[in-house]
Amino acid sequence: METLVPVHVGLFGHIDHGKTELARALSEKVSTAGLDGHPQSKSRGITIDLGFTMFVLDKYLVTLVDAPGHADLIRSVVSGTNIIDAAILTVAADEGPMVQTGEHIVVLQSMGIDRVIVAITKVDLVDSDVLVKVIERTKRVLSDSGLSTSYFIPISAATGQGIEQLKEALTAILKPPQRDEVGSLLMPIDHAFPIKGHGTVVTGTIIRGLASVGDTIQVMPQGTIARIRSIQTFGDERKTARAGDRVGINIPDLDDKEISRGDCVCALDSMTNTAGIVARIRVNPLYRGRVTSRMVLSVTVGMSNITSEVIPFETENNARIIVSDVRTDEFDAAILFQRRIGTELGFRLLLMRTDLPPTSMRIVGAGEVTEIPTELRLFKKKVRVGSVSRIRGTDVLVEGLASKKEIADSLKGVSIKTRKGVKGVIEQPFGTRGVVSATFDKPVEDGEDVIYERLGKEEVYRFGQ
């Protein structure tokens with residue numbers, strides 16, 4: 027098994043569109059929560075957590091990551107995209123693409139997953155005319171989201187139809203991923219549980235580096251330092267595992283109740299424990315809502331899902347100034363977490379509106395961590411609005427920017443502008459009631475609004491404060 031190339035393939039699609047049945051048809055071994063092993067999955071009849079199963083395909087050891095299709099469980103779907111190399115999108119032939127089909131497509135596109143196969147499932151339930159129409163509809167949905175694939179494979183997990191063709195397509199799109207085995211150890215945790223007589227086992231996919239029996243590691247964000255007792259891959263004992271391997275690691279000194287999905291096993295002092303980051307965000311073009319300052323969103327960073335406040339900002343003369351309402355396709359933002367996490371520069375993140383109904387586009391955008399400051403310090407712009415009260419030969423009188431002469435006097439030399447963007451400068455006070463004399467680089471109109479902006483005090487921002 028150690029000679030095979032490990033790859034992770036995500037299973038995505040609307041609820042009850044055959045993901046778990048497909049995993050069962052393909053798989054040879056089952057790992058954590060695989061094939062709906064979670065107790066609530068069995069009682070509710072749906073996948074409620076990430077499931078992991080395995081099969082060998084040519085030179086690859088393929089781990090299938092079965093993501094939930096239920097709308098309420100989209101956070102688990104997003105978590106799964108952070109460890110996959112390719113994806114199979116399931117669309118049931120008897121229903122066609124549905125709401126979560128589109129949402130999962132956007133997640134894949136946002137997180138940079140471009141090796142995709144579409145499996146048209148349950149083809150034993152429809153005739154050929156219906157199948158052709160479903161494939162055409164699915165192609166249109168993919169095209170609208172900017173995701174493309176040449177592979178649309180009709181299958182039936184019940185009869186076995188198309189399974190071999192699906193494996194051939196998967197072999198065609200897979201390439202040995204470039205793994206970093208030299209860097210420091212990093213493994214996001216997706217499950218943690220106790221085993222009697224052994225203590226805590228954590229499972230996950232090693233993103234970077236090596237893990238060996240006897241190694242001393244750290245768990246973040248807790249900061250706990252512990253030693254690896256044993257390592258397994260789908261039941262096979264390993265002395266060493268490397269980047270790309272899916273493993274279960276026995277770490278007896280850990281308390282499984284203190285571990286959450288998205289916590290990381292890492293080399294000592296290699297990650298940062300933080301309550302906030304700076305990120306560059308690309309807005310999802312299909313999102314129709316606004317992005318406003320201190321908006322509360324569900325943010326996935328690596329495999330961690332955290333309720334967060336997002337504060338967009340722009341930088342002027344090295345000052346980070348809060349933007350109240352985003353009007354661009356990309357923006358910088360301070361992201362304040364409700365709880366601390368372990369993270370690194372370059373971690374991918376995805377922003378979601380979980381307050382919206384699943385019939386709406388809930389994915390706001392995606393991006394990367396660009397900075398992990400010890401404090402998130404931002405400026406607010408303070409705005410005063412006056413108006414042109416008189417146009418004279420060489421200057422313009424403006425009222426409403428100051429309430430008295432002393433304040434007007436302090437504004438000498440400051441820059442102002444009209445709502446149309448005409449720039450000007452305050453020259454001096456006029457009279458005793460706060461009126462000022464100003465000059466502009468283009469003609470202005472009587473009664474036109476004049477805006478004066480200045481920076482307030484730089485402040486430290488934290489979630490909920």
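27 is the number of the first residue of the sequence shown in my numbering; add one for each residue after it.
No residue lacks a Cβ here, since even glycine has one placed at the ideal position from N, Cα and C.
Everything numeric in this text was worked out from a predicted model, so none of it was measured.
inquiry  = For V395 and E370, which I take to be in contact (beta-carbon distance under 8 Å), what is that distance rounded to the nearest angstrom?
reply    = Within the sequence shown, numbered from 1, the residue matching residue 395 stands at position 369. Within the sequence shown, numbered from 1, the residue matching residue 370 stands at position 344. Their Cβ separation, rounded to whole angstroms, is 7 Å, which keeps V395 and E370 in contact under 8 Å.
message = According to DSSP, simplified to helix, strand and coil, what is A51?
response = Locating residue 51 in the sequence shown gives position 25, where the first residue counts as 1. For A51, the secondary structure class from DSSP, reduced to helix, strand or coil, is helix.
Classification of T89 by the beta-carbon crowding that lies within 10 angstroms, buried from 16 upward = Residue mapping note: residue 89 aligns to position 63 of the sequence shown, counting from 1. Looking at its Cβ environment, which holds 16 or more other Cβ atoms inside 10 Å, T89 is buried.
message = Between P311, S429, R264, P383, which has its C-alpha nearest G412's C-alpha?
response = Taking the sequence shown and counting its residues from 1, the one referred to as residue 412 is at position 386. Looking at the Cα atoms, S429 is the closest of the given residues.
ask   = Taking C-alpha atoms, which residue in R253, R366, V322 lies nearest to D241?
value = Here residue 241 corresponds to residue number 215 of the sequence shown, with the count starting at 1. Selected option, being the one with the closest Cα: R253.
Terminal residues of the beta strand (DSSP E) in which D435 lies = Here residue 435 refers to the residue found at position 409 when the sequence shown is read from its first residue. Per DSSP, D435 belongs to no beta strand (DSSP E); it is in the alpha helix (DSSP H), 431-436.
inquiry  = Let's see if you can read the secondary structure: which residues bound the beta strand (DSSP E) around G270?
reply    = Here residue 270 is taken as the residue at index 244 of the sequence shown, counted from 1. No beta strand (DSSP E) contains G270, which DSSP labels as neither H nor E.
inquiry  = Would R459 and F405 qualify as a contact pair, given that the criterion is a beta-carbon distance under 9 Å?
reply    = By 1-based counting over the sequence shown, the position of residue 459 is 433. By 1-based counting over the sequence shown, the position of residue 405 is 379. The Cβ atoms of R459 and F405 do not sit closer than 9 Å to each other.
task = Identify, in the order they occur along the chain, each residue of the same chain with its Cβ nearer than 6 Å to the Cβ of F81, setting aside the five sequence neighbours on each side.
result = Within the sequence shown, numbered from 1, the residue matching residue 81 stands at position 55. Answer for F81: L52, S53, E54, V88, listed in chain order.
ask   = Span of the alpha helix (DSSP H) holding R166?
value = If you number the sequence shown from 1, residue 166 lands on position 140. Judged by DSSP secondary structure, R166 falls within the alpha helix (DSSP H) whose first and last residues are 154-171.
query = With 16 other CB atoms within 10 Å as the buried threshold, where does R480 fall?
reply = Within the sequence shown, the letter at position 454 stands for residue 480. By the neighbour-count rule (16 or more Cβ atoms within 10 Å), R480 is not buried but exposed.
query = Straight-line CA distance for R308 to R255?
reply = Taking the first residue of the sequence shown as position 1, residue 308 is located at position 282. Taking the first residue of the sequence shown as position 1, residue 255 is located at position 229. Their Cα atoms are separated by approximately 42 Å.
ask   = Can you tell me where the alpha helix (DSSP H) with K193 in it begins and where it stops?
value = The residue given as residue 193 occupies position 167 in the sequence shown. Note, K193: alpha helix (DSSP H), 189-199.
task = Please work out which residues of its chain come closer than 6 Å, Cβ to Cβ, to K45, disregarding the five sequence neighbours upstream and downstream, and give them in chain order.
result = As a first step, residue 45 is located in the sequence shown; it is residue number 19 there, counting from the start. Cβ neighbours of K45 beyond the five flanking positions: L37, G39, D92, T116.
ask   = Residues in its own chain within less than 7 Å of T300 by CB, not counting five upstream and five downstream?
value = Indexing the sequence shown from 1 puts residue 300 at position 274. Cβ neighbours of T300 within its own chain (closer than 7 Å, five residues either side excluded): R366, I367, T369, I398.
ask   = Does DSSP put Q204 in a helix, a strand or coil?
value = On the sequence shown, residue 204 is found 178 positions in, with the first residue counted as 1. In the structure shown, Q204 sits in coil (DSSP, three-state: anything other than H, G, I, E or B).
ask   = Are the stretch 135-152 and the stretch 255-269 touching by the rule of at least three beta carbon pairs closer than 8 Å?
value = Verdict: no, contact absent.
message = Using CA atoms only, rank isn't needed, just tell me which of I114, I41, V440 is closest to Q454.
response = For the purposes of this step, residue 454 is identified with residue 428 of the sequence shown, where counting begins at 1. Taking only the C-alpha atoms, the option nearest Q454 is V440.
request  = Find the nearest neighbour of K443 within the set Q126, L83, F466, I131, judged by alpha-carbon distance.
outcome  = The sequence position of residue 443 within the sequence shown is 417, counting from 1. The option with the nearest alpha carbon to K443 is F466.
key: Buried versus exposed, by CB contacts within 10 Å (16 or more), V409   = Mapped onto the sequence shown, residue 409 falls at position 383. V409 is exposed by the Cβ-count criterion.
request  = In angstroms with no decimal places, state the Cα-to-Cα distance between V167 and G128.
outcome  = Stepping through the sequence shown from its first residue, residue 167 is reached at position 141. Stepping through the sequence shown from its first residue, residue 128 is reached at position 102. For V167 and G128, the distance between alpha carbons rounds to 7 Å.
ask   = Is the stretch 206-226 touching the stretch 335-350, taking contact as three or more C-beta pairs under 8 Å?
value = At 8 Å Cβ cutoff, the stretches do not touch.
query = Which word fits R272, buried or exposed, when buried means at least 16 other C-beta atoms lie within 10 angstroms of its C-beta?
reply = Along the sequence shown, one-based indexing puts residue 272 at 246. Taking all protein chains shown into account, R272 has 16 or more neighbouring C-beta atoms within 10 Å of its C-beta and is therefore buried.
query = Would you report the Cα separation of K165 and T197, rounded to the nearest angstrom?
reply = Here residue 165 is taken as the residue at index 139 of the sequence shown, counted from 1. Here residue 197 is taken as the residue at index 171 of the sequence shown, counted from 1. One alpha carbon belongs to K165, the other to T197, and they sit about 22 Å apart.
inquiry  = With distance defined between alpha-carbon atoms, name the residue in M213, K407, G473 nearest to V228.
reply    = Translated into positions along the sequence shown, residue 228 becomes position 202. With distances taken between Cα atoms, V228 lies closest to M213.
task = Give the straight-line distance between the Cα atoms of T354 and I233, rounded to the nearest whole angstrom.
result = Looking up residue 354 in the sequence shown gives position 328. Looking up residue 233 in the sequence shown gives position 207. Straight-line Cα distance between these residues: approximately 33 Å.
ask   = Is L200 closer than 9 Å to L83 when the C-beta atoms are compared?
value = One-based indexing of the sequence shown puts residue 83 at position 57. One-based indexing of the sequence shown puts residue 200 at position 174. The answer is yes: Cβ separation under 9 Å.
ask   = Between the C-alpha atoms of T175 and I131, what's the straight-line distance to the nearest angstrom?
value = As a working note, residue 175 is residue 149 in the sequence shown. As a working note, residue 131 is residue 105 in the sequence shown. Cα-Cα distance, rounded: 12 Å.
task = Could you check which residue in L375, S296, L211 has the C-alpha nearest to that of S330?
result = Position 304 of the sequence shown, counted from the first residue, corresponds to residue 330. Considering only alpha carbons, the answer is L375.
Which residues DSSP lists as bridging G39, in chain order = The count along the sequence shown starts at 1 and reaches residue 39 at position 13. For G39, which the question treats as bridged, DSSP gives the partners T116.
message = I need the straight-line Cα distance from T400 to D279, nearest angstrom please.
response = As a working mapping, residue 400 is identified with position 374 in the sequence shown. As a working mapping, residue 279 is identified with position 253 in the sequence shown. One Cα belongs to T400, the other to D279, and the distance between them is close to 29 Å.
query = Three-state secondary structure (DSSP) at L312?
reply = Stepping through the sequence shown from its first residue, residue 312 is reached at position 286. DSSP places L312 in coil when its eight states are reduced to three.
key: Sequence-distant residues of its chain with Cβ nearer than 8 Å to E149 (five each side left out)   = Looking up residue 149 in the sequence shown gives position 123. According to the sequence displayed, residue 149 carries Val and not Glu. Contacts found: A119, L157, P180, I181, S182, Q187, G188.
task = Compute the Euclidean distance between the alpha carbons of L134 and I114, then round it to the nearest angstrom.
result = Position 108 of the sequence shown, counted from the first residue, corresponds to residue 134. Position 88 of the sequence shown, counted from the first residue, corresponds to residue 114. Using only the alpha carbons, I get a separation of about 10 Å.
ask   = Is G128 helix, strand or coil when you go by DSSP?
value = Taking the first residue of the sequence shown as position 1, residue 128 is located at position 102. Helix at G128.
task = From the DSSP output, in three-state form, read off K283 for me.
result = In the sequence shown, residue 283 corresponds to position 257, counting from 1. Helix at K283.
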